[in-house]
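A.B. asks: Residue numbers (numbering that gives the first Met the number 0): 0 to 391. One structure follows; several queries about it will come next.
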Amino acid sequence: MPSSTVDPADPVFRLHRGGKMAVASTVPLTSREDLSLAYTPGVARVCEAIAADPALAADYTWASHTVAVVTDGSAVLGLGNIGPRAALPVMEGKAVLFKQFAGVDAVPVCLDTQDVDEIVATVRALAPSFGGINLEDISAPRCFEVERRLDDALDIPVFHDDQHGTAIVVLAALRNAATLLNRKLGDLRVAVSGAGAAGVAVTKMLIAGGVDPDRVVVCDSRGVIGRHRSDLTGTKAELAATTNADGRAGDVTEALRGADVLIGVSGGQIPESAVAGMAPGGIVFALANPTPEVHPEVAGRHVAIVATGRSDYPNQINNVLAFPGVFRGALDARATRITDTMKVAAADAIAGVVAETLTAEAIVPSPLDPRVAPAVAEAVAEAARRDGVARA
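The structure is reproduced here in structure tokens:
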């Protein structure tokens with residue numbers, strides 16, 4: 000990016016100068032005795048103890064409260080494949096959100112490779128330094144394989160936030176929207192526009208949370224995903240086999256015909272006429288940022304509840320409602336992985352924070368609500384113990 004795009008007087012650039020985070024000591028280092036305890040010779044005794052019992056690393060290092068925020072820079076925000084250096088400000092931002100909202104320490108790790116084998120090998124090699132791995136801004140479909148292989152290889156939680164963070168908050172919001180409209184999740188017809196990382200995860204999470212897969216229709220850039228398509232592989236083929244029981248074909252307009260819910264996670268624009276074809280009293284979550292698939296005011300002409308990914312409209316579907324508490328709970332339970340049960344528990348906890356004060360413009364908490372992360376952490380830790388993946 001040319002240097003002429005940098006305005007030193009711009010408050011955004013002023014805030015970012017020098018980065019947004021630093022490392023601080025948690026112990027005093029003001030005397031020779033302090034040094035002998037924190038470093039040599041005292042530290043050698045701790046090293047010997049961990050060498051004899053590696054599980055002690057959770058008690059005597061930062062690993063039990065620290066995650067790596069890992070990216071290859073291939074799908075950063077709405078900017079696309081901008082590479083690891085340009086991705087670093089986003090990863091720093093993610094790290095400080097972890098600390099601010101859940102007291103979790105986080106380290107940005109921006110990898111100068113987009114090869115799946117190299118990413119997996121590098122993260123596996125780094126894993127002993129951390130209690131969890133947050134994958135971030137890795138493009139689909141590679142992100143699915145990276146997460147799956149790391150989840151299989153490591154005994155610490157691995158969580159691709161672009162997939163599961165979004166999905167958790169969407170489930171929370173839809174649960175509250177359905178409650179407000181006196182509807183049941185299993186009765187809703189849901190159209191998902193977008194079959195990338197977020198779209199696939201949202202679909203799976205809604206089904207895990209109680210939406211009937213037969214009543215779900217997913218669209219990609221070529222139209223409705225279903226058994227009629229011969230061009231589908233991998234995760235899209237799985238979606239074709241498990242959703243769209245009616246055998247719908249065509250574009251998003253056909254997917255929305257009679258639908259109760261639109262979940263937009265594609266960035267592609269959806270015409271007002273398609274939204275007008277939804278069932279009365281519908282729900283639209285148009286989550287593309289900064290330009291939603293349907294403008295909120297346009298959607299509001301045809302449906303009862305609208306949510307976006309933007310902070311300047313009501314009902315912001317923001318991942319920060321999920322990932323800090325999810326990792327806090329997983330770390331507190333010393334979980335070996337993050338299960339679907341834990342994700343659904345997180346969604347239920349988010350929904351529960353505002354369950355007693357629901358309105359059409361407040362179906363999810365504010366991202367700044369201090370009640371959210373503790374509630375999510377407690378629910379996730381309990382779910383980890385129920386699922387048998389907790390070590391504490």
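By construction, the Cβ of each residue, glycine as well, lies at the ideal position given by its N, Cα and C atoms. Only a predicted model underlies this, so the values are computations on that prediction, with no experimental measurement involved.
Measuring straight from C-alpha to C-alpha, what distance separates Arg-13 and Pro-7?
C.D. replies: 6 angstroms
A.B. asks: Tell me the rounded alpha-carbon separation between Arg-333 and Val-145.
C.D. replies: Straight-line Cα distance between these residues: approximately 22 angstroms.
A.B. asks: Residues in its own chain within less than 8 angstroms of Ala-239 by CB, not counting five upstream and five downstream?
C.D. replies: Excluding residues up to 5 positions away in sequence, Ile-224, Gly-225, Arg-226, Arg-228, Leu-231 lie with their Cβ nearer than 8 angstroms to the Cβ of Ala-239 in the same chain.
A.B. asks: One question on the structure: do Val-106 and Thr-65 come within less than 8 angstroms of each other, judged by their Cβ atoms?
C.D. replies: yes
A.B. asks: Suppose contacts are defined by Cβ-Cβ distances below 8 angstroms. Is Gly-351 in contact with Ala-374 by that definition?
C.D. replies: yes
A.B. asks: From what residue to what residue does the beta strand (DSSP E) around Leu-261 run?
C.D. replies: 260-263
A.B. asks: Find out if the Cβ-Cβ distance for the pair Ala-244, Arg-188 is shorter than 8 angstroms.
C.D. replies: no
A.B. asks: For Arg-385, is the classification buried or exposed, using 16 other Cβ atoms within 10 angstroms of its Cβ as the cut-off for buried?
C.D. replies: exposed
A.B. asks: For the alpha helix (DSSP H) that contains Leu-170, what are its first and last residues?
C.D. replies: 160-179
A.B. asks: Just checking my contact of Ser-365 with Leu-261 at CB under 8 angstroms: how many whole Å lie between their CB atoms?
C.D. replies: So it is not a contact: roughly 23 angstroms between Cβ atoms.
A.B. asks: Ile-349 and Pro-156 - do their beta-carbons sit closer together than 8 angstroms?
C.D. replies: no
A.B. asks: Where does the unbroken alpha helix (DSSP H) through Ser-35 begin, and where does it stop?
C.D. replies: Counting along the chain, the unbroken alpha helix (DSSP H) around Ser-35 starts and ends at 31-37.
A.B. asks: Using a 10 Å radius around the Cβ and a threshold of 16 neighbouring Cβ atoms, would you call Thr-202 buried or exposed?
C.D. replies: buried
A.B. asks: Identify which residue in Cys-46, Asp-9, Asp-347, Ala-43 has its Cα closest to the Cα of Ala-207.
C.D. replies: Asp-347
A.B. asks: Quick one: measure Cβ to Cβ for Gly-102 and Arg-327, integer angstroms, because I've assumed they're closer than 8 angstroms.
C.D. replies: The pair is a contact, with the Cβ atoms about 7 angstroms apart (cut-off 8 angstroms).
A.B. asks: Taking Cβ positions, are Ala-86 and Asp-136 nearer each other than 8 angstroms?
C.D. replies: Yes, the pair counts as a contact, with Cβ atoms nearer than the cut-off.
A.B. asks: If you draw a straight line from the C-alpha of Leu-28 to the C-alpha of Asp-58, how long is it?
C.D. replies: 21 angstroms
A.B. asks: With Pro-107 as the anchor, note down where its alpha helix (DSSP H) starts and where it stops.
C.D. replies: Premise fails: Pro-107 lies in the beta strand (DSSP E), 104-109, not in any alpha helix (DSSP H).
A.B. asks: Using 8 angstroms for Cβ pairs, my map puts Ala-393 next to Ile-282. What's the rounded Cβ distance?
C.D. replies: Lying before the first or after the last residue shown, residue 393 is absent from the chain, which here runs from 0 to 391.
A.B. asks: What are the partner residues of Cys-218, as DSSP defines its beta bridges?
C.D. replies: Looking at the DSSP output, Cys-218 shares a beta bridge with Ser-192, Val-223.
A.B. asks: Can you tell which of Ala-21, Gly-233, Val-122 has the C-alpha that lies nearest to the C-alpha of Ala-67?
C.D. replies: By alpha-carbon distance to Ala-67, the top candidate from Ala-21, Gly-233, Val-122 is Val-122.
A.B. asks: Measuring alpha carbon to alpha carbon, tell me which residue in Leu-78, Ala-196, Ala-139 is nearest Thr-290.
C.D. replies: Closest option to Thr-290, Cα to Cα, is Leu-78.
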